Every structure is written in structure tokens, then in C-alpha cells.
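Report on the following structure.
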Amino acid sequence: MLQEEPDLSLVIAQIVQKLKGSSLYAQLERQAWTSLQRPEIKLESLKEDIKEFFKISGWEKKLQNAVYSELSVSPLPSHPAAPPEHLKEPLVYMRKAQGSWEKRILKSLNSMCTELSIPLARKRPVGEQKELLNKWNEMGTDEPDLSLFRPVYAPKDFLEVLINLRNPNYENGDSLSFRTHLGLIQVPLKVKDIPELKECFVELGLSTGQLGIDDSTQVPPELFENEHVRIGQKVLAEQDSAAAQQYVRQGSPTALRAELWALILNVSSQPEDILYYEQLKTNVIQHDLLVDSLIYKDVKLTASNDDYYFVFEDYLYQVLLCFSRDTTVLGHFAYNSASPPKSYIRGKLGLEEYAVFYPPNGVIPFHGFSMYVAPLCFLYHEPSKLYQIFREMYVRFFFRLHSISSHPSGIVSLCLLFETLLQTYLPQLFYHLREIGAQPLRISFKWMVRAFSGYLATDQLLLLWDRILGYNSLEILAVLAAAVFAFRAVNLMEVTSLAAAEAVLADLSTLKVMPLLQIFLFATVT
Numbered sequence: 004m005l006q007e008e009p010d011l012s013l014v015i016a017q018i019v020q021k022l023k024g025s026s027l028y029a030q031l032e033r034q035a036w037t038s039l040q041r042p043e044i045k046l047e048s049l050k051e052d053i054k055e056f057f058k059i060s061g062w063e064k065k066l067q068n069a070v071y072s073e074l075s076v077s078p079l080p081s082h083p084a085a086p087p088e089h090l091k092e093p094l095v096y097m098r099k100a101q102g103s104w105e106k107r108i109l110k111s112l113n114s115m116c117t118e119l120s121i122p123l124a125r126k127r128p129v130g131e132q133k134e135l136l137n138k139w140n141e142m143g144t145d146e147p148d149l150s151l152f153r154p155v156y157a158p159k160d161f162l163e164v165l166i167n168l169r170n171p172n173y174e175n176g177d178s179l180s181f182r183t184h185l186g187l188i189q190v191p192l193k194v195k196d197i198p199e200l201k202e203c204f205v206e207l208g209l210s211t212g213q214l215g216i217d218d219s220t221q222v223p224p225e226l227f228e229n230e231h232v233r234i235g236q237k238v239l240a241e242q243d244s245a246a247a248q249q250y251v252r253q254g255s256p257t258a259l260r261a262e263l264w265a266l267i268l269n270v271s272s273q274p275e276d277i278l279y280y281e282q283l284k285t286n287v288i289q290h291d292l293l294v295d296s297l298i299y300k301d302v303k304l305t306a307s308n309d310d311y312y313f314v315f316e317d318y319l320y321q322v323l324l325c326f327s328r329d330t331t332v333l334g335h336f337a338y339n340s341a342s343p344p345k346s347y348i349r350g351k352l353g354l355e356e357y358a359v360f361y362p363p364n365g366v367i368p369f370h371g372f373s374m375y376v377a378p379l380c381f382l383y384h385e386p387s388k389l390y391q392i393f394r395e396m397y398v399r400f401f402f403r404l405h406s407i408s409s410h411p412s413g414i415v416s417l418c419l420l421f422e423t424l425l426q427t428y429l430p431q432l433f434y435h436l437r438e439i440g441a442q443p444l445r446i447s448f449k450w451m452v453r454a455f456s457g458y459l460a461t462d463q464l465l466l467l468w469d470r471i472l473g474y475n476s477l478e479i480l481a482v483l484a485a486a487v488f489a490f491r492a493v494n495l496m497e498v499t500s501l502a503a504a505e506a507v508l509a510d511l512s513t514l515k516v517m518p519l520l521q522i523f524l525f526a527t528v529t
């Protein structure tokens, strides 16, 4: 216990420091001053009386939710002597690989700039500003010529980088256990096996009620769904983030999902949040960035062609264009292995005082990036609320799907977990696909890097994302990818090429997520 105390004090100090800069801190301070006017606040018991006032007025719960949110997002403080890069990524070879990958992305972006003779950023003429403002809610009708633009990279390019990732310490005489891994990912990271996953995802067990299974037409709804909705309403009435997170592990009722997710992510549309969104919108109106064209191109190539999401095209432009200007997103690079790209004012290359982050949020969109936003459009129809939810989902989860790290929810670990599950529990299928040149990861990688958005039916995708929020982990993506292969194993055993295997797995829109996960985790012989 003595060793834990300094760590706890570091955690408390870190959270206090972060909250001091928040609007909540200012609101609490203002409420404390206001409460001094109340007759029940006595000087001799001032501290206790103000605490009681916060409890009765609901401010204590808001503070608890803010603390819980910080604990969910921020990594625990490392040793005081550890350099800051260890917080980003503890393994040197991972940091180097991420750095090299970033250089490739920037080279691609700069070469596009040069080829097209387009600046990274420019101020829009007044006429253009007015035109954009007038069509802000119907940007989908605009058809700019994007034929010369190309995505900076696609998931398959990123996969090739991960396949070539190596730990230099293992090159000359790697351990026997690791040599037996026959998948594409060849780095020694610890991933869970099925017994450990069962322990982690215990609420998905066969004896626990689940939305996505027990609300089906074959089961009378009063057996589970009605009671689950009643509990959900109670959780929302209590406004408790931790309780909401526990609750959605069994799925969110459709009518309550938007509020539950906002509670878990500690998003509440305060006037200052709406004002901040309007400021971002103003930045979009005033300045044109090269990444704007990449966003347009991506939406046109992905969501606009999707039967579920094409109707949200305008929302996607609004959210993603504002996101690219949001400098608060830079804060997540403290615990992200990636680093925000820098650009220099013309003629001042290399002079740090003339350096700016580009884009302002530090995130260069890639092919499929808009699909992180698209499913959220079903839940949130007010642009500033939709924006806040997406930003919070990104800085908690989605950034891990396109950066190289050793984190258990990072894409490298997810790929390794997927391959290890298949090789261990479906060895015949794994070896068959490997022998015919259809490594399973080449098929499943695109599902995981997009968190299955655009592949599953939307109702099933939202049930899956319930569990991501509930467990504060992306590991369930790898489990589902393995479960899909297990479900289609009979057909896959008959294919003789990668193209045939891809054809078998081309359409996931009819799959039911929860039965697949339950059967794979709790009915697989271990």
C-alpha cells in the first residue's frame, strides 16, 4: 500500500491540474461563491456546508463525472524520471516506426501540394466566404473537381507498414514461442487468450441478458428489454458516468443511446461548447486548407456511396471541416504515439518560432476517415453536439486505429490478437488460408481500422460501439473479426484463393454481432 500512495497522489495532482483549466472549475468556483449567500451556510462549518450544497445541487455529480472522464482518457502518470516520450509510447522501435510512417505521410501530402500547385492553406476571398456560409447546410450539393486529389494513404498502405514492423532485439535468436506465430504481424506483444477475454468481457456471457439477443422477436420483451430500459432511465436520472459505462456493456436501448453515450463521454452542450463550435465554423469559412479537399474526396468515395450514410453527407462535411481546425485535439498527442505535423511560414523553413501545426488539429485524414463520424449521425442531429461526441470518441478510441503503438487497444495489438485467436482456436482454417496466400489479416484489417463502420448494418454497429464504450477498449474489434471468420469457416475451407476468400466475406451487413461474439467467446473449446 505504501508504494501505491505516491502514485495516487500523482494521479490526483494530474487530474486537479487538468480540471483547473476547464469551464467546470470556473462554474464550481462561481457556485461556491454564490452559496455563501445562502442562510444554511455557516462560517464555523463552511467546508462541510459547501460540500453538502454541491451534493444537493448536483454539482458534486458533475465533478465526479469529470474526474471519471479524465481517468478513462488520460494514461496513469509514469515514473517522475521517465521522459515524456515514454508516455506517448514506451517502446523505442514503435516510436521510430511511427516517426518513419509520419514522414511518408508528409512526403505524400507535400508532393500533392507541389504537383497541383496548391498551398497548404489560404485565406478565402470575401465572395467565397459568403458563398460557403450560404451553402453551409447543403455542402453535399457542391461538386468541386477532386479528380486530381488522392487520399494521402489507405488502410492497405498502413497494413504493409505494420507487416514490416520488427523488434530489433528479436532479430538474432527470437524466443521459440514467438517463432510459432505464423501470422503477418511479427512483433512480440502480450495479447489476451480466450480465458482472459472471457474474464474481461464477463457481461457478454451466455447467462447475462444482452440487447442484440434477448430483445429479439423470439423472446418476450418483458423478460429482459423492459427491465433493461427501466434501469437505463434510472441511470440517466442519476447522471452517473461510471454507472452508464457499466450499463451499456449489455447494450443501449435505441431511445436512450444518444443520452447514455453523451453521459459516458461527459459531453453536455453548454453555451460555451456551442460558441466554440461556431468559432470553428468561422475558421472554416475564413480559411481554405488542402486537407479540406481530402475530406471532400473521402466523403465522396465512402459515405456518399453507402446506403446507410449518404443522407448525412452535409453533417459529415460540417463535422470534419470543423474538426481539422480544432486545436484542443492536439492535447491527445500527449498519450498518442503519433506527433502532429509541422509546417513553416513561407521562407522560414526550419525556424521553430515560425512553425505551426498543420492541420491545426494535427490529424491528416486518410481513406475511410469520415466513416468514424457517419454512424454518430443516426444519434445526434444537432451539429455542435454531434461534433463534441465525435471529437471525444476520436481522442479516446479512434486515434489508436491509425497510429503505431504497443497499447492493448492499438491497431498493432488488435492485429496480433486477431491472428493469435485464429491460429490458436481455428488452426485448420488459419493454415488453409495461409497456404493459399489468403492471410486472414489482409481481409480483416480494413474492418478493424474502421471499427467495422461501413461493413455492419448500423443497428449492429451501434451495439458493437456500445461495448467499446462500456469496456473502454477496442479489443472487441479483434474478437469480432475472429468470430466472423469462425462463422464463415465452412465456406472459407473450400476457397482456393485470396479473391475467393474475400468474396465469402464481402458482405457483413446481415450478421448479428452479439450472437457471434457470445458463441466465439463462450462456446469455443479452450
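Count the sequence shown with our numbering and you get residues 4 to 529, in order. By construction, the Cβ of each residue, glycine as well, lies at the ideal position given by its N, Cα and C atoms. Every value quoted in this text rests on a predicted model; they were computed, and no experiment measured them.
Q. Which residues in the same chain as Leu472 place their Cβ atom closer than 7 Å to its Cβ, once the five residues preceding and following it in sequence are excluded?
A. Closer than 7 Å at the Cβ level, and outside the excluded window around Leu472, lie Gln248, Val251, Trp264 and Ile267.
Q. What is the rounded straight-line gap between the Cα of Asp295 and the Cα of Phe336?
A. Each residue's CA atom was taken as its position, placing Asp295 and Phe336 some 22 Å apart.
Q: Give the straight-line distance between the Cα atoms of Asn137 and Asp145, rounded to the nearest whole angstrom.
A: One C-alpha to the other measures close to 12 Å.
Q: Please specify which runs of the beta strand (DSSP E), each continuous and at least 3 residues long, are wholly inside the segment 267-352, giving them in chain order.
A: With a minimum length of 3 residues, the continuous beta strand (DSSP E) runs that stay inside the segment 267-352 are 290-292 and 345-347.
Q.
On the DSSP bridge list, what partners appear for Lys531?
A. Here the chain covers residues 4 to 529 and nothing more, so residue 531 does not appear.
**Q.** Test item: CB-CB of Arg169 and Val194 under 9 Å
**A.** For Arg169 and Val194, no; Cβs fall outside 9 Å.
Q. Taking just the CA atoms, how far does Leu480 sit from Lys515?
A. Spanning the two alpha carbons is a distance of roughly 14 Å.
Q) With contact counted as at least three CB pairs below 8 Å, one residue from each stretch, are the segment 153-160 and the segment 309-329 in contact? A) By the C-beta criterion, the segment 153-160 is judged not to be in contact with the segment 309-329, since fewer than 3 inter-stretch pairs fall below 8 Å.
Q | Test item: CB-CB of Ala341 and Gln67 under 9 Å | A | The criterion of a C-beta distance shorter than 9 Å is not satisfied by Ala341 and Gln67.
Q) With 16 other CB atoms within 10 Å as the buried threshold, where does Leu1 fall? A) Examination of residue 1 is not possible in this model, given that the chain is present from 4 through 529 alone.
Q) Excluding sequence positions up to five away, which residues of its chain have a Cβ less than 6 Å from the Cβ of Gln92? A) Residue identity differs from the one stated: residue 92 is Glu in this sequence, not Gln. Cβ within range, chain order: Arg98, Ser340 and Ser408.
Q.
Quick test of your reading: Phe488 and Leu417, contact by CB under 8 Å. State the CB separation rounded to the nearest angstrom.
A. About 14 Å separates the CB atoms of Phe488 and Leu417; that is not less than 8 Å, and the two are not in contact.
Q | Three-state class that DSSP yields for Pro9 in the structure shown | A | Model confidence at Pro9 stands at a pLDDT of 45, short of 50, so the residue's coordinates are unreliable; what they give is reported in the following sentence. Three-state result, Pro9: helix.
Q. Does DSSP put Phe360 in a helix, a strand or coil?
A. In the structure shown, the three-state DSSP call for Phe360 is strand.
Q) Are the segment 56-73 and the segment 21-29 in contact at 8 Å, needing three or more beta carbon pairs? A) Output reads yes: the segment 21-29 touches the segment 56-73.
Q. Given that a residue counts as buried once 16 or more other Cβ atoms are within 10 Å of its Cβ, and exposed if not, what is Lys58?
A. Here Lys58 is exposed. Its C-beta has fewer than 16 other C-beta atoms within 10 Å.
Q) When you compare each of Phe381, Ser103 and Ala85 to Pro344 by their alpha carbons, which one comes out closest? A) Looking only at Phe381, Ser103 and Ala85, the smallest Cα-Cα distance to Pro344 is reached by Ser103.
Q. Looking at the unbroken alpha helix (DSSP H) that takes in Ile392, where does it start and where does it end?
A. Ile392 -> alpha helix (DSSP H) spans Pro386 to Arg399.
Q: In angstroms with no decimal places, state the Cα-to-Cα distance between Asp469 and Ala16.
A: When rounded, the separation of the alpha-carbon atoms in Asp469 and Ala16 is 31 Å.
(Q) Taking the alpha helix (DSSP H) that Arg107 belongs to, which residues open and close that run? (A) It spans Val95 to Leu119 - the alpha helix (DSSP H) in which Arg107 sits, taken as one unbroken run.
**Q.** Expected contact under 8 Å - CB spacing of Leu464 and Ser476 to nearest Å
**A.** Not a contact, Cβ separation roughly 17 Å.
(Q) Rounded to the nearest angstrom, what separates Leu511 and Ala84 at their Cα positions? (A) Rounded to whole angstroms, Leu511 to Ala84 spans 48 Å at the Cα level.
Q.
On the CB-based measure, 16 or more other CB atoms within 10 Å of its CB, does Tyr397 come out buried or exposed?
A. With 16 or more Cβ atoms within 10 Å of its Cβ, Tyr397 is classed as buried.
Q: Please report the residue range of the alpha helix (DSSP H) in which Trp450 lies.
A: Element bounds for Trp450: Pro443 to Val452.
Q) Assuming Leu319 and Ala306 make a contact with CB atoms under 8 Å, what is their CB distance in whole Å? A) The beta-carbon distance between Leu319 and Ala306, rounded to whole angstroms, is 6 Å. This is short enough to meet the 8 Å contact definition.
(Q) Using only the alpha-carbon positions, how far apart do Leu90 and Phe421 sit? (A) Spanning the alpha carbons of Leu90 and Phe421 requires a straight line of approximately 26 Å.
Q) What separation, rounded to the nearest whole angstrom, lies between the Cα atoms of Ser500 and Ile166? A) A direct Cα-to-Cα measurement between Ser500 and Ile166 gives close to 20 Å.
Q) How big is the Cα-Cα spacing for Lys133 and Ile288? A) Rounded to whole angstroms, Lys133 to Ile288 spans 8 Å at the Cα level.
Q) Quick one: complete alpha helix (DSSP H) runs, 4+ long, within the segment 404-432? A) Runs of alpha helix (DSSP H) with 4 or more residues, each lying fully within the segment 404-432, are found at 414-428, listed in chain order.
Q. Leaving out five residues before and five after Leu135 in sequence, what residues of the same chain have Cβ atoms less than 6 Å from its Cβ?
A. Same-chain partners within the cutoff: Ile288.
Q.
Classify Glu316: buried if its beta carbon has 16 or more other beta carbons within 10 angstroms, exposed otherwise.
A. Buried.
Q.
Nearest by alpha-carbon distance to Asn286: which of Tyr383, Arg107 and Ala124 is it?
A. For Asn286, the nearest C-alpha among the options comes from Ala124.
Q. Using the beta-carbon count (16 or more within 10 Å), is Leu519 buried or exposed?
A. Burial state of Leu519 is buried, judged by a 10 Å Cβ sphere holding 16 or more other Cβ atoms.
Q: Report whether the distance from the Cβ of Ala506 to the nearest heavy atom of the ligand FAD is below 8 Å.
A: The ligand FAD is not part of the structure shown, which contains no ligands of any sort.
Q. Run through DSSP, which three-state label would Met374 get?
A. In the displayed model, Met374 falls within a helix according to three-state DSSP.
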